[in-house]
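In mature numbering (1 follows the signal peptide of the UniProt record, and there is no 0), the protein residues as written are -23 to -1, 1 to 520. The beta carbon of each residue, even a glycine, is placed where N, CA and C say it ideally should be. All values reported here derive from a predicted model rather than from experimental measurement. Notes for the one structure printed next.
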Amino acid sequence: MREYASLINAFILLTLLLHNVNGEDPYRFYTWKITYGDIYPLGVKQKGILINGQFPGPQIDCVTNDNLIISVFNSLNEPFLLSWNGLQQRRNSWQDGVYGTTCPIPPRKNFTYALQAKDQIGTYFYFPSLALHKAAGGYGSIKISSRPQIPVPFPPPAGDYAILTGDWFKRSQRQLKYFLDTGHNLPFPDGLLINGRGWNGYTFTVDQGKTYRFRISNVGLTTSINFRFQGHTMKLAEVEGSHTLQNTYSSLDIHLGQSYSVLVTANQPAKDYYIVVSSRFTSRVLTTTAVLHYSNSFTKVLGPPPGGPTTDIASSLNQARSIRWNLTASGPRPNPQGSYHYGMIKPSRTIVLANSAPYINGKLRYAVNGVSYVSPDTPLKLADYFKIGGVFSVGSIPDGPPGGNGGYLATSVMHADYRSFAEIVFQNWEDTVQSWHIDGYSFFVVGMDGGQWTPASRPRYNLRDTVARCTTQVYPKSWTAIYIALDNVGIWNIRSENWARQYLGQQFYLRVYTPSTSWRDEYPIPRNALLCGRASGHHTRPL
């Protein structure tokens, strides 16, 4: 441990010098050991990815602007990489933790992430981003609280619980990877988990009459879910960093990669109740449960859990449209979060992104605007920094879908100008719900509807109080439009949160560029950056 402490202390000094971090912002230190271990989430022994022996991994609890120093020791016999779903790294895509920006941690080696929860609040999660490691675990929750002097639009809850839920497979991640590598889609999941456990495997204890906050993240691989409390309603409080109008819901649809916070008051007779998660938009409905236990209860849960919605699209679309920003609430800074008038800014560019499932070289692939992403031998960020040619070409993916149903393989990178304001339309002509995520950013979900998007769709946009978030759904044969301020320099991953689709090419990278070399625009390469591929012979910038 003395060696670890020396490493961390040296890295703190290095971070302060390189990144000019405000010394008043607190530091939080984590040392994580990544191992394989036996887990039994669905009653069957499996080899899971553990962090410090835990599945799910440790929760990150921090406050706006905290600096997070996370030292990760890879004890696996294969490369490993962690990414931070929704934890935006301002001017610092070096720490994003996806292969386009960061070299994997080699077996039996260490890497220390230097992250900052800069001007952020809310509910997020981390996960392993390489291959199909996510199917073996390795994920955990991230909770960013407001600073004490910033008001929150609800009284302090009596408790604050994280729920990591989603689909799960009994097959190993290597078996699932083999399915995809041989040109097939993943099979139907075997079940759903709540905090790494199956049916009634997890209990949340509450006191009668008190209100609790539940932070729910869909960390699954392929399936949208519906979440509900038996006999209780939920007040929606926050969506991926946006305080919301506190509308009341009996159940919530949570799509892949999305996170929500709800307030639940224990105002029912003292007994135990089901917390229910079921699959959404699937022909066969998967269901799992946890237990909401009243501390003064002597009655266990009995009978079947309450049913929820299944394949109906209209109710889910209406629910999504009902989620609105709370314009009177503060965000992570003292100014009200609603003071950003996104609807009064004219986008300088419109990008239409259409997903497809072409067969290329006889194998199933997934594509964006006809391009199915192929990872290069060197992370894009390193190739860009060291000016290594032949790794990628900016403009290798078009701004709109081509005609026809074909596709081709390429390392797709799109250019964007720093500080531009863009309209992005996700167009889905397939029969399945899509879920899209943009690293490094929050964006405004201004509209969604069925059919084909055209410029005539814009009068239906919500230009006043839609939420800002980092992951959005697109319903079957429908579109979703977002506005995004491209104010974060770097190379950022835009991807499907369906991990089979992401793995087989439904992703690309956005290079948000400025010719400036000022640290105010982008931090320099970290001194401890791992170098791999064609960047192996290069050196990071000396102090």
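In its own chain, which residues sit with a C-beta less than 6 Å from the C-beta of residue i, not counting the 5 before and 5 after it?
i: glutamine 235; result: Asn195 and Thr448
i: cysteine 509; result: Cys80
i: lysine 24; result: Tyr13
i: proline 134; result: Thr188, Tyr189 and Arg190
i: glycine 114; result: Gly25, Ile26 and Phe32
i: leucine -10; result: The pLDDT assigned to leucine -10 is 47, lower than 50, so where the model puts this residue is not dependable; a value taken from the coordinates is nonetheless given after this. So the list reads Arg504, once near-sequence residues are dropped.
i: leucine 440; result: Gly320
i: glycine 136; result: Tyr189
If residue i sits next to residue j, beta carbons under 8 Å apart, how far is it from one beta carbon to the other, in whole angstroms?
i: proline 379; j: asparagine 338; result: Their Cβ separation, rounded to whole angstroms, is 19 Å, which puts proline 379 and asparagine 338 out of contact at 8 Å.
i: isoleucine 26; j: glycine 117; result: At roughly 11 Å, the Cβ-Cβ gap does not stay under 8 Å, so isoleucine 26 and glycine 117 are not in contact.
i: glycine 74; j: serine 60; result: 4 Å
i: threonine 89; j: isoleucine 47; result: 7 Å
i: asparagine 475; j: leucine 141; result: No, asparagine 475 and leucine 141 are not in contact; Cβ-Cβ is about 17 Å, not under 8 Å.
i: arginine 5; j: aspartate 43; result: 6 Å
DSSP three-state call for residue i: helix, strand or coil?
i: tyrosine 138; result: strand
i: tryptophan 9; result: strand
i: tyrosine 319; result: helix
i: isoleucine -12; result: Residue placement at isoleucine -12 is poorly supported in this model, since its pLDDT is 44, which falls under 50; the coordinates still yield a value, given next. The answer is helix: DSSP assigns isoleucine -12 an H, G or I state.
i: histidine 161; result: coil
i: glutamine 450; result: strand
i: asparagine 470; result: strand
i: glycine 218; result: coil
i: proline 436; result: helix
i: aspartate 361; result: helix
i: tryptophan 476; result: helix
i: phenylalanine 204; result: strand
i: leucine 153; result: helix
i: alanine 334; result: coil
i: alanine 445; result: strand
i: arginine 190; result: strand
i: arginine 511; result: helix
i: alanine 458; result: strand
i: glutamine 429; result: coil
i: histidine 110; result: helix
i: glutamine 411; result: strand
i: glutamine 314; result: helix
i: glutamate 1; result: coil
i: residue 523; result: The first residue shown for the chain is -23 and the last is 520, placing residue 523 beyond what the model contains.
i: residue 526; result: Absent from the model: residue 526. The displayed extent of the chain is -23 to 520, so no value can be given.
i: lysine 120; result: strand
i: threonine 225; result: strand
i: aspartate 15; result: strand
i: leucine 481; result: coil
Which residues in the same chain as residue i place their Cβ atom closer than 8 Å to its Cβ, once the five residues preceding and following it in sequence are excluded?
i: threonine 259; result: Phe165, Thr200, Thr287 and Thr288
i: threonine 388; result: Tyr350, Val351, Ser352, Pro353, Leu357, Val368, Phe369, Ser370 and Ser373
i: alanine 291; result: none
i: tryptophan 9; result: Ile28, Asn29, Gly34, Pro35, Ile47, Ser48, Val49 and Phe50
i: glutamine 296; result: Tyr226, Leu229 and Asp230
Near residue i, which residues of its chain fall below 7 Å by C-beta distance, leaving aside the five closest residues on each side in sequence?
i: alanine 506; result: Trp71 and Thr517
i: isoleucine 322; result: Phe398
i: lysine 154; result: Ala108 and Leu109
So, are the CB atoms of residue i and residue j less than 9 Å apart?
i: aspartate 416; j: glutamine 65; result: yes
i: tyrosine 101; j: glycine 218; result: yes
i: valine 444; j: arginine 301; result: yes
i: arginine 192; j: tyrosine 138; result: yes
i: threonine 266; j: isoleucine 171; result: yes
i: leucine 222; j: tyrosine 189; result: no
i: alanine 393; j: valine 278; result: no
i: phenylalanine 131; j: alanine 214; result: yes
i: valine 468; j: aspartate 376; result: This sequence places isoleucine at residue 468; valine is not what is there. Going by C-beta atoms, isoleucine 468 is not nearer than 9 Å to aspartate 376.
i: histidine 414; j: asparagine 162; result: no
i: tyrosine 460; j: tyrosine 250; result: no
i: lysine 454; j: asparagine 382; result: no
i: aspartate 144; j: leucine 229; result: no
i: valine 129; j: serine 419; result: no
i: alanine 247; j: glutamine 314; result: no
i: methionine 391; j: tyrosine 237; result: no
i: valine 402; j: tyrosine 271; result: no
i: glutamine 422; j: leucine 386; result: At residue 422 the sequence reads valine, which differs from the glutamine that was named. Not a contact, by the Cβ cut-off of 9 Å.
i: alanine 334; j: arginine 326; result: no
i: serine 293; j: arginine 261; result: no
Taking 8 Å as the line, does the beta carbon of residue i fall inside it for any heavy atom of the ligand MG?
i: glycine 372; result: You won't find the ligand MG in this model; it holds no ligand whatsoever.
Report yes or no: is there a C-beta of chain D within less than 9 Å of the C-beta of residue i?
i: glutamate 215; result: Of the chains in the structure shown, none is chain D; there is only one protein chain.
May I have a chain-ordered list of the beta strand (DSSP E) segments no shorter than 3 residues that lie completely inside the region 241 to 265?
-> 249 to 256
Fully enclosed by the region 38 to 103, which alpha helix (DSSP H) runs are 4 residues long or longer?
-> Whole alpha helix (DSSP H) segments, 4+ residues: zero.
At which residue ranges does the region 263 to 307 contain complete beta strand (DSSP E) runs of 3 or more residues, listed in the order of the chain?
-> Correct list: 264 to 271.
Output the residue ranges of the beta strand (DSSP E) runs that lie fully inside the region 339 to 398 and measure 3 residues or longer, sorted by chain position.
-> 348 to 350, 385 to 387 and 389 to 394
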